[in-house]
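What follows is one structure encoded as structure tokens, with my remarks underneath.
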Amino acid sequence: MSDEKYVHKDCRNYAPIDVRKGFCHVHKKEAPADTEVCAKFERAPKCRYCKNFTADQEKIELGVCEASMSTPKFVAYPDMVAVTCEMYKEA
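Position one of the sequence shown corresponds to residue 15 (the working numbering), numbered consecutively onward.
Below is the structure:
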């Protein structure tokens with residue numbers, strides 16, 4: 015793991031309920047989305063961690079999937095969960 019600071023919403027064991035909170039499948043209880051992770055943290059695959067994602071420098075919190083076959087390229091946001099994406103490649 016890098017020096018990047020992760021929060022609950024970045025964990026594979028976190029299921030969002032709404033924008034502020036979710037459910038931790040490890041601890042079986044609600045967890046705030048933006049608080050520090052526990053020792054059982056497992057980084058969830060998200061567009062921001064994919065080799066195919068390029069952030070748009072002109073639009074905050076937006077980017078494109080370079081592996082997309084469509085024209086224009088598929089628009090993605092960094093926190094988009096990529097669990098089922100066949101084009102996801104860990105960066």
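The beta carbon of each residue, even a glycine, is placed where N, CA and C say it ideally should be.
A direct Cα-Cα distance of roughly 12 Å separates Val97 from Ala29. Using a Cβ-Cβ distance cut-off of 8 Å, the region 44-51 and the region 70-81 are not in contact, since fewer than three pairs of beta carbons, one from each stretch, lie closer than that value. Put simply, the backbone Cα of Glu50 is about 32 Å away from that of Ala81. Taken through DSSP and simplified to helix, strand or coil, Lys87 comes out as coil. Judged by their CB atoms, Cys25 and Phe67 are not nearer to each other than the 8 Å cut-off. Bridge pairing for Phe37: Ala29 and Glu44 [DSSP]. The continuous beta strand (DSSP E) containing Cys79 extends over residues Gly77 to Cys79. If you look at Thr98, you'll find it isn't in any beta strand (DSSP E); DSSP assigns it neither H nor E.
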